[in-house]
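Comments concern the structure below.
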Amino acid sequence: MSVGDGFLEMGTVATSINANTFQFFTRNPRGGSVKPINTDDILNLNDYMKEMGFAKVVAHAPFIMNLAAKEESKREYAINVLTDDIMRMELLPDNYYNLHPGAHTGQGAEVGIEKIADALNRVIYEEMTTTVLLETMTGKGSEIGGTFEELRQIYDKVHLKDKVGFCLDTCHIFDGGYDIVNDLEGVLSEFDRVIGLDKLKAIHLNDSMNVLGSKKDRHAKIGEGNIGLEALVKVITHPSLKDLPFVLETPNDVEGYAAEIKLLRGICNG
Ligand code: FE
Ligand code: FE
Ligand code: ZN
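The sequence shown begins at 1161 in our numbering and counts up one residue at a time.
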């Protein structure tokens, strides 16, 4: 769903397909343009979510936002987007703002990690209620966050640590070489050892069009990719994960999401 649908409408659409959370883009995911804030609409969504007992929802930063950008103007732009988006998220308190950490574009991972952490330190503030989530990436190109270690290195440099958590994308980590099909336990204990499962706040539940370690990042519908339904069900029912918000980012329209939610809820309750 996109923010163009209106905030309250995103909530009612979620309810209509038996969801109690959702993810939305704060602005055009590829262009970065943003609609003026309709404060009433956001406040109405906030009331609606409370009334309906929603779990925390996830806002997703635009893909073009690169906190590690080499060009200072691009990096300043990214920092401004982050600042502005968090300000908007504070109208919907206590939820999540998920971002792709960034791409170092030839500067090297070390410089990229430093720039990302510095940007977060410039924007994050003590009184904010929003938690910023760093998403696990495939590591394609010069993308940072393709390993748990890189994500941990960013976190280590962040000052206000309780404002930062992580979002695990099943397609991304599978494409990044973490074998959640044959060794979910091993992958989760690795995550726990390197980052800490207590810092994992949300899951992007996606199948993958590509194979383990392919570093491609092409999401597939649930059960139609190389991760498969059985492995994804193990993810959603895992004792360490089952209470987290799960967000589908599969290539679907609303009816497609409704069908996947029905399928997954059916298996979990059956
Ligand atoms: Fe993402
Ligand atoms: Fe994702
Ligand atoms: Zn992806």
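Backbone N, C-alpha and C fix where the C-beta goes; we use that ideal spot for every residue, glycine too.
- Here the alpha carbon of Val1407 sits roughly 28 Å from the alpha carbon of His1319.
- Collapsing the DSSP output to three states places Gly1336 in coil.
- Scanning Asp1358, Ser1302, Ala1228 for the CA closest to the CA of Lys1402 turns up Asp1358.
- Of the residues His1379, Lys1275, Glu1211, Val1347, the one whose Cα lies closest to the Cα of Pro1411 is His1379.
- With respect to Val1341, Ile1387 sits close: the two C-beta atoms are nearer than 8 Å.
- Taken atom to atom, the span from the alpha-carbon of Gly1305 to that of Met1369 is near 20 Å.
- Per DSSP, reduced to three states, the secondary structure at Tyr1256 is strand.
- Comparing alpha-carbon positions, the option among Tyr1256, Tyr1208, Asp1244, Ala1229 lying closest to His1220 turns out to be Tyr1256.
- Taking all protein chains in view, the Cβ of Lys1323 is crowded by 16 or more other Cβ atoms within 10 Å, so the residue is classified as buried.
- Bridge partners of Ile1363 according to DSSP: Leu1328, Phe1406.
- For Lys1216, the closest alpha carbon among the candidates His1260, Arg1425, Leu1252 is that of Leu1252.
- Residue pairing for Thr1291: DSSP places it in a beta bridge opposite Tyr1256.
- Pairing Lys1422 with Gly1385, the inter-Cα distance amounts to about 18 Å.
- In summary, Glu1286 is exposed, with fewer than 16 beta-carbon neighbours lying within 10 Å of its beta-carbon over all protein chains present.
- Comparing C-alpha distances from Asn1240 to each of Ala1279, Gly1266, Thr1289, Leu1203 shows the shortest one belongs to Ala1279.
- Comparing alpha-carbon positions, the option among Lys1275, Lys1234, Met1288 lying closest to Met1249 turns out to be Met1288.
- For Glu1231 and Ser1176, the gap between their C-alpha atoms comes out near 44 Å.
- Between Asp1377 and Asp1335 a beta carbon distance of about 6 Å is seen, short of the 8 Å cut, so the two are scored as contacting.
- Considering only Leu1344, Lys1375, Leu1328, Pro1405, the residue with the shortest C-alpha distance to Gly1213 is Pro1405.
- In chain order, Ile1304 place their CB closer than 6 Å to the CB of Glu1310, counting only its own chain and leaving out the 5 sequence neighbours on each side.
- Contact annotation, Ala1277 with Asn1226: C-beta distance approximately 14 Å; criterion of less than 8 Å not satisfied.
- The beta carbon of Leu1389 sits closer than 7 Å to the beta carbons of Ile1382, Gly1383 from its chain, once the five residues preceding and following it are set aside; these are given in chain order.
- Along the segment 1211-1254, the beta strand (DSSP E) occurs as fully enclosed runs of 3 or more residues at 1218-1220, listed in sequence order.
- With a threshold of 7 Å, the Cβ atom of Asp1329 counts as near ligand 1, since some heavy atom of the ligand is closer than that.
- Excluding its 5 nearest sequence neighbours in each direction, Ile1284 has C-beta neighbours in its own chain below 6 Å: Leu1320, Lys1323, listed in chain order.
- Ile1314 and Ile1333 have their C-alpha atoms roughly 17 Å apart.
- Exclusion of the five residues before and after Ala1179 leaves Ile1421 as the residues of its chain whose Cβ lies within less than 7 Å of its Cβ.
- Beta-bridge pairing by DSSP links Phe1351 to no other residue.
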